[in-house]
Amino acid sequence: MSQRYYCPQERFDEPFWLTDTEAHHLLNVMRAKPGAEVEVFNGDGLVASVVVTEASKRKALLQPVAGSQRQDPNGLSIPLTLATAVPKSDRFRWLVEKGTELGVTRLVPLKTSRSVVSPRESKLEKQQQYVVEACKQSGRNTLMEIGTLVDLADYLGQLPPESLLLTGAPAVVDSKSLWSELVETRPAEVVLFVGPEGGFTPEEDALLAEHGAKPISVGPYVLRTETAGLTLAAVAVAAIQACASEEA
1 MSQRYYCPQE RFDEPFWLTD TEAHHLLNVM RAKPGAEVEV FNGDGLVASV
51 VVTEASKRKA LLQPVAGSQR QDPNGLSIPL TLATAVPKSD RFRWLVEKGT
101 ELGVTRLVPL KTSRSVVSPR ESKLEKQQQY VVEACKQSGR NTLMEIGTLV
151 DLADYLGQLP PESLLLTGAP AVVDSKSLWS ELVETRPAEV VLFVGPEGGF
201 TPEEDALLAE HGAKPISVGP YVLRTETAGL TLAAVAVAAI QACASEEA
């Protein structure tokens, strides 16, 4: 895979300047010189090949290669949301990075009765740089969205009835039955719910059940919040991709 750089532009059909962090990475880390060809993406599915035509220490002029601009969202056929309690310290960053690499469409930080971490808006905004890095590394062309911190009950009340809600549990639902349900119901989105250390309270479990959340197995062991979230995401991504292949 060629070197990739994030440029939040609407179009890649005219020369433009690459600046700030991405320019530093291109010029000072990768030491690109005029004539080097790299790939750029705008985080909304648009991709193009560009050639470095001018370079200084802080910015580079990039010339799009004729005919290379293309719309390639390369995302899931059914949007996948991970609604999760926020793990401690760097585990949240790890969850953001790996969720992006797996293909999660949106991550929603949940406030629950047993939550021990309630990140400020500034911390959530900082996570976007990790989303960008994960997209660059993985070849993903659409940024994973990170929502604002929301109470579990409030979030459940916002979801459309066409959503398929799943929650992790040492239960009997497997990926094959999930695939069958996706084929039969074709939900507007799949939403995965993951609790904090200690899990959801009985009241929260009851609330999830009232809104139609179905348990799906994350294995026989007790998992950390971030591990449970990524396990659920991997199972859901596999089922969504299998569903898309069946319909193709």
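In full-length UniProt numbering, the protein residues as written are 1 to 248. Glycine residues also receive a C-beta, built at the ideal position from the N, C-alpha and C atoms. Computed from a prediction, not measured in an experiment: that's the story for all the values here.
Residues near residue i in its chain [Cβ-Cβ closer than 7 Å; skip 5 each side]
| i | result |
| --- | --- |
| residue 153 | 207 |
| residue 23 | 58, 59 and 60 |
| residue 30 | 3 |
| residue 72 | 45, 47 and 141 |
| residue 234 | 102 |
Alpha carbon of residue i to alpha carbon of residue j, nearest angstrom
| i | j | result |
| --- | --- | --- |
| residue 137 | residue 220 | 32 Å |
| residue 222 | residue 109 | 21 Å |
| residue 70 | residue 46 | 6 Å |
| residue 68 | residue 5 | 15 Å |
| residue 155 | residue 56 | 47 Å |
| residue 214 | residue 74 | 28 Å |
| residue 41 | residue 102 | 18 Å |
| residue 119 | residue 91 | 13 Å |
| residue 9 | residue 200 | 41 Å |
| residue 140 | residue 198 | 33 Å |
| residue 27 | residue 98 | 27 Å |
| residue 12 | residue 210 | 47 Å |
| residue 17 | residue 62 | 6 Å |
| residue 14 | residue 64 | 6 Å |
| residue 159 | residue 25 | 40 Å |
| residue 180 | residue 89 | 37 Å |
| residue 104 | residue 157 | 21 Å |
| residue 96 | residue 161 | 27 Å |
| residue 169 | residue 194 | 9 Å |
| residue 53 | residue 216 | 52 Å |
Residue closest to residue i, alpha-carbon to alpha-carbon, out of the options
| i | options | result |
| --- | --- | --- |
| residue 112 | 151, 92, 57 and 39 | 151 |
| residue 121 | 10, 149 and 198 | 149 |
| residue 35 | 42, 163, 51 and 192 | 51 |
| residue 236 | 218, 64 and 27 | 218 |
| residue 167 | 160, 147 and 204 | 204 |
| residue 185 | 163, 12, 224 and 72 | 163 |
| residue 145 | 139, 157 and 126 | 126 |
| residue 178 | 227, 243, 169 and 72 | 243 |
| residue 21 | 133, 64, 160 and 194 | 133 |
Own chain residues within Cβ distance below 6 Å of residue i, not counting five before or after
| i | result |
| --- | --- |
| residue 212 | 165 |
| residue 19 | 59 |
| residue 202 | none |
| residue 231 | 218 |
| residue 124 | 146 |
| residue 33 | none |
Nonlocal neighbours in the same chain, by C-beta distance under 8 Å from residue i, ignoring five residues either side
| i | result |
| --- | --- |
| residue 240 | 76, 77, 78, 80, 182 and 190 |
| residue 2 | 37, 38, 39 and 49 |
| residue 128 | 143 and 146 |
| residue 43 | 6, 8, 132, 135, 141, 142 and 143 |
| residue 224 | 87, 91 and 197 |
Cβ pair residue i, residue j closer than 8 Å
| i | j | result |
| --- | --- | --- |
| residue 135 | residue 84 | no |
| residue 114 | residue 187 | no |
| residue 131 | residue 87 | no |
| residue 82 | residue 107 | yes |
| residue 147 | residue 192 | no |
| residue 94 | residue 246 | no |
C-beta neighbour in chain C for residue i, strict 8 Å
| i | result |
| --- | --- |
| residue 29 | Checking the listed chains, one finds no chain C in this structure; it contains a single protein chain. |
What runs of the alpha helix (DSSP H), each 4 residues or longer, lie entirely inside the region 160-216? 175-185 and 202-210
Quick one: complete beta strand (DSSP E) runs, 3+ long, within the region 17-86? 37-41, 46-55, 60-64 and 80-85
What ranges does the alpha helix (DSSP H) occupy inside the region 75-161, keeping only unbroken runs of at least 4 residues that lie completely in it? 90-102, 121-138 and 152-158
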